[in-house]
Amino acid sequence: MEDIALRASKNVDRSENDITLALSRSETKHENLEPLLAKFRAACQDYIFIDFAAAAEKRVEARLWTAHSKVNSRFRPLMARFREGDGQKLKVERRKAEKVYLVFIKSSQAFYRGYIQRLASNFKGIPEILTLARGMELDTLSADTPQPADAVLKGKLIDSCYSALVQCGDLSRYRETELKTHLRNWGPAVGYYNKAAVLKPADGRAYNQLAVIALSDQDHLRAVYHLYQAICVEIPFPQARDNLELEFKKLRVKSNQGKPIAGNSAVFKGDPYLYEQFLLFHARCWEEKPRAQEEQQIEIFRLINDQIRQQPEATILRKFSLVNIAAEKSAAEKAGGEASALRSFKIFQSFNIKTFSLLLKLVLEELQLDAEHIGLPATNPPAEVPPITRRTLPHLRLYTGWLLTSIQYLLANAELASQMQQLWRLYARALNLLLQLFPPSDAEIEYLLKEDAETLGFSAFSQFVRDKRFRRSSQFKPIYNEASFGPPIPNNEMLFRIKEFIREAMFLFKSVEFNSVPVPLTFAGKRFVYLGDEDRSAQAEKAADAFTGRHESVQSANAEYVIMNGGIVRQLPSQQEIVPDAEGSMASRMENMVDDLTRPGIPREEINRSSIVHDSSTAPMKTPLAQTFADRGNPPSQTTFTARDLVQRMQHSSGGSQPSPRAQAINIAPLPSIWNTPFAPRPGETPESSPRPSSAHHFALQASVSPNLSSSAEFHTNLVNLQEEIQTRTSPQSSLQPTISSHYETPTNLTSWIRAHDPMQPASSPWQSPFTSAVPVHQTPIPTKHTNASPFGAIGESRPRSSRTPNGGQPG
Numbered sequence: 001m002e003d004i005a006l007r008a009s010k011n012v013d014r015s016e017n018d019i020t021l022a023l024s025r026s027e028t029k030h031e032n033l034e035p036l037l038a039k040f041r042a043a044c045q046d047y048i049f050i051d052f053a054a055a056a057e058k059r060v061e062a063r064l065w066t067a068h069s070k071v072n073s074r075f076r077p078l079m080a081r082f083r084e085g086d087g088q089k090l091k092v093e094r095r096k097a098e099k100v101y102l103v104f105i106k107s108s109q110a111f112y113r114g115y116i117q118r119l120a121s122n123f124k125g126i127p128e129i130l131t132l133a134r135g136m137e138l139d140t141l142s143a144d145t146p147q148p149a150d151a152v153l154k155g156k157l158i159d160s161c162y163s164a165l166v167q168c169g170d171l172s173r174y175r176e177t178e179l180k181t182h183l184r185n186w187g188p189a190v191g192y193y194n195k196a197a198v199l200k201p202a203d204g205r206a207y208n209q210l211a212v213i214a215l216s217d218q219d220h221l222r223a224v225y226h227l228y229q230a231i232c233v234e235i236p237f238p239q240a241r242d243n244l245e246l247e248f249k250k251l252r253v254k255s256n257q258g259k260p261i262a263g264n265s266a267v268f269k270g271d272p273y274l275y276e277q278f279l280l281f282h283a284r285c286w287e288e289k290p291r292a293q294e295e296q297q298i299e300i301f302r303l304i305n306d307q308i309r310q311q312p313e314a315t316i317l318r319k320f321s322l323v324n325i326a327a328e329k330s331a332a333e334k335a336g337g338e339a340s341a342l343r344s345f346k347i348f349q350s351f352n353i354k355t356f357s358l359l360l361k362l363v364l365e366e367l368q369l370d371a372e373h374i375g376l377p378a379t380n381p382p383a384e385v386p387p388i389t390r391r392t393l394p395h396l397r398l399y400t401g402w403l404l405t406s407i408q409y410l411l412a413n414a415e416l417a418s419q420m421q422q423l424w425r426l427y428a429r430a431l432n433l434l435l436q437l438f439p440p441s442d443a444e445i446e447y448l449l450k451e452d453a454e455t456l457g458f459s460a461f462s463q464f465v466r467d468k469r470f471r472r473s474s475q476f477k478p479i480y481n482e483a484s485f486g487p488p489i490p491n492n493e494m495l496f497r498i499k500e501f502i503r504e505a506m507f508l509f510k511s512v513e514f515n516s517v518p519v520p521l522t523f524a525g526k527r528f529v530y531l532g533d534e535d536r537s538a539q540a541e542k543a544a545d546a547f548t549g550r551h552e553s554v555q556s557a558n559a560e561y562v563i564m565n566g567g568i569v570r571q572l573p574s575q576q577e578i579v580p581d582a583e584g585s586m587a588s589r590m591e592n593m594v595d596d597l598t599r600p601g602i603p604r605e606e607i608n609r610s611s612i613v614h615d616s617s618t619a620p621m622k623t624p625l626a627q628t629f630a631d632r633g634n635p636p637s638q639t640t641f642t643a644r645d646l647v648q649r650m651q652h653s654s655g656g657s658q659p660s661p662r663a664q665a666i667n668i669a670p671l672p673s674i675w676n677t678p679f680a681p682r683p684g685e686t687p688e689s690s691p692r693p694s695s696a697h698h699f700a701l702q703a704s705v706s707p708n709l710s711s712s713a714e715f716h717t718n719l720v721n722l723q724e725e726i727q728t729r730t731s732p733q734s735s736l737q738p739t740i741s742s743h744y745e746t747p748t749n750l751t752s753w754i755r756a757h758d759p760m761q762p763a764s765s766p767w768q769s770p771f772t773s774a775v776p777v778h779q780t781p782i783p784t785k786h787t788n789a790s791p792f793g794a795i796g797e798s799r800p801r802s803s804r805t806p807n808g809g810q811p812g
């Protein structure tokens, strides 16, 4: 083996010397180069497949491609001579030169295609290369037994195959560049580059070559887009950033000279004025002293608005969105060493917020009209997604990925507080309308959507975002091809986009990835709630009711369910299946879908058992965001929090233990009043109108305690005062322990008074945990109806043993 590998290595060195010597001689004819190059190819291929590791160590593949590049450079002056001046008249000589050049190009491409075929047939366990070879219609059968490839070798083989694809693309590009002056067919070259990008999306070389083709067509937007792709990957192309800055410099020069940027109208779709304004905005942001260009931003947004409304296809906006996001990422990477880059980063960050807000406004405007026409909640969802929403959804998903990736930076920037407040409001409203008009289903798209396929290696999206979008059950989703998946169904793809848009919004407060981020958004009452509004007290109270376990119940024929601590608990067993209504079923499905992703350890059937329909006013939610006041150990606060306050708390928090940001969000809501619960006394049952036993110890309550306890702070103060009086009293107590029969016979006000004054009661008195909920009941669900039972009961009263622990169902 060693002797064979050694001889192969010597053959490579010898053939390389031969081609190098021939290229160094000016008298060497062009037609004599191809036989020497073919000999060098054969020697390199033999060495690679004899000992791949040794060949890789000696950089055999790179040396071979260098020889091809030198041969092509030798041909270029010859081919250029026939495109200029009197050389155009030498038609016979030109045809001879073109024939020799075509032999070089075709033989080189045939070699690299054959090389990919040998990689696929000589090594097993590499499905990426095998699938690629079959897609190129290459024979993958081999007379020899395929060699096994471990993980390290597999990675090197994929890199080798990637290089071969890029080189096939380069050879196709050389052919079009040297042999044609117009109507060039870039299809083969683009096809090879795209296959390379799919095989190894984290490498920026193929994207840079796509930018070279775009510049040849004077398509500056496509060039900028591909150059940003070459930069925002795990392995950026080394010259991509310099190429981008050079491109922007040329655009600024053209603008200053009054030359049109969109000179070739065939390379873009839509308004050429939008095309120019967008590119100039980005080019000027890379100046040494970038300016915000407020007026130009307004003009760009006006043009984008018109583009989405008027054009049946808005594919150009996908490039706009990705260029915006990549520009922010690229500026952030440079911000550490350049002051101008920091300024550019802030401009791009603000511009992305405005762009996302504009897209949300367009969707809201259309969906509100549909909602007025159909009515909410929609019992029969629309048959199709409306046109503006359909055009906008792919871009909304891109900006959702940006939001999930940049959320910490956005909340930490106090300069963006006002813009972020507007964005959160629009985001919540759009989510709610989509949720009501198009309830998410269990349908799944088994392949990557277009916007996902374009961002496979996009490092401007976090790894969390890419994992959630590109993987299902630890497997990568494949790229769409009609042979495998049949013709696409556009409406199904749009409905899936809506489901993903809603699902990713829920990650903000359901996933542990964002536990440390003070996101001012939550989900309560089957709707998304923004917690940063100035007039949010009512919304926050509803959210707190769902999170802190306000006890409400839903009655069915044979079973009763109670909403407690954000979940639904089945209190009595039932042999019949509960059939939820459409709205409740939709909310349950939505919750189950997110719970499956964020809590994979819980079996799906157990989660499904916790889903039950309820009145819209109950606002149940199974979410880890909820924390009761007792869990936190802090009294409820009346202070109004904004998104800016939450960011400042994150920035200036001390090193000590702090409540989680999700718990802080709950602290916005006032403590619910007991006077709006089933425990409120009926008329005539207040202490003023009901006689009290003579043995009772009388407490003089302050006049400030009124039936309307709207202030949680006031309610807390009264509770503390009563507790102190109870603990300091010295008068003897009468034991009036009720029996089971008296449980249903004792007047409600008397029973309540007994429970408050009897020292024989358990330690879990409501006075010892005043913040667990508005009306603590030892975490035991209390049904709303019992035969011959007092409709109000008594706080802290013991339940019958049969109903103390739920027999079925699971808490959310």
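Using full-length UniProt numbering, the first residue of the sequence shown is number 1, and each one after it goes up by one.
Even for Gly, the Cβ is constructed at its ideal location relative to N, Cα and C.
All values derive from a computational prediction rather than experimental measurement.
- Its chain contains Arg318, Leu449, Lys450, Glu451 and Arg497 as the residues whose beta carbon lies nearer than 8 Å to that of Pro394, once the 5 sequence neighbours on both sides are disregarded; these appear in chain order.
- Residues Lys39, Phe40 and Ala43 of the same chain have their beta carbon placed closer than 6 Å to that of Ser15, with the five preceding and five following residues left out of the count.
- The beta carbons of Ala206 and Tyr193 sit about 5 Å from each other, so the pair counts as a contact at 8 Å.
- Looking at Lys354, Lys477 and Leu433, the one whose alpha-carbon comes closest to that of Gly375 is Leu433.
- Closest in alpha carbon position to Glu176, among Phe514, Ala189 and Pro478, is Ala189.
- By DSSP's assignment, Ala5 forms no beta bridge with any residue.
- Within the model, the alpha-carbon separation for Ala283 versus Gln257 is close to 15 Å.
- Under the 8 Å Cβ criterion, the stretch 303 to 311 does not count as touching the stretch 200 to 215, having fewer than three qualifying pairs.
- In the DSSP assignment, Thr140 falls outside any beta strand (DSSP E), carrying neither H nor E.
- Taking all protein chains in view, the Cβ of Phe476 is surrounded by fewer than 16 other Cβ atoms within 10 Å, so the residue is classified as exposed.
- In the displayed model, Ala43 falls within a helix according to three-state DSSP.
- Collapsing the DSSP output to three states places Asp203 in a strand.
- In this structure, the alpha-carbon of Val71 lies about 20 Å from that of Tyr115.
- Residue pairing of Val529 in beta bridges, as defined by DSSP: Thr522.
- Sequence-distant Cβ neighbours of Met79 in its own chain, meaning closer than 8 Å and more than five residues away, are Ala97, Glu98, Tyr101, Glu178 and Leu179.
- Pro35 counts as exposed, since fewer than 16 other beta carbons sit within 10 angstroms of its beta carbon.
- Contact check between the stretch 194 to 204 and the stretch 151 to 162: three or more CB pairs, one atom from each, fall below 8 Å, which counts as touching.
- Residue environment for Ala53: exposed (fewer than 16 other C-beta atoms within 10 angstroms of its C-beta).
- Taking the CA atoms as reference points, Val60 sits about 8 Å from Ile48.
- Apart from sequence neighbours up to five positions away, the residues of its chain that approach Ser107 with a beta-carbon distance below 7 Å are Glu34 and Ala38, ordered along the chain.
- Here Pro148 is bridged, per DSSP, to Lys124.
- Taking the Cα of Ala524 as reference, the smallest distance to any Cα among Ala428, Glu504 and Ser459 is reached at Ala428.
- If you draw a straight line from the Cα of Thr66 to the Cα of Thr389, it comes to about 50 Å.
- Pro236 counts as buried, since at least 16 other C-beta atoms from the protein chains shown sit within 10 angstroms of its C-beta.
- Listed as beta-bridge partners of Phe476 by DSSP are Arg471.
- Comparing alpha-carbon positions, the option among Leu360, Arg173, Lys89 and Thr405 lying closest to Arg425 turns out to be Leu360.
- The C-beta of Leu531 has 16 or more other C-beta atoms within 10 Å across all chains shown, which makes the residue buried.
- One thing to note: Ala120 has its Cβ no nearer than 8 Å to the Cβ of Ala110.
- Contact between the stretch 142 to 151 and the stretch 77 to 92 is absent: fewer than three C-beta pairs spanning the two stretches fall below 8 Å.
- Here Leu448 is bridged, per DSSP, to Ile479.
- Rounded to whole angstroms, Gln229 and Ala223 show a C-alpha spacing of 10 Å.
- Contact annotation, Ile300 with Leu274: C-beta distance approximately 7 Å; criterion of less than 8 Å satisfied.
- Ranked by Cα distance from Glu482, the options Leu521, Thr405, Glu313 and Glu446 are led by Glu446.
- For Ile316, the secondary structure class from DSSP, reduced to helix, strand or coil, is helix.
- The criterion of a C-beta distance shorter than 8 Å is satisfied by Ala326 and Ala460.
- According to the DSSP assignment, His226 belongs to the alpha helix (DSSP H) that extends over His220 to Ile231.
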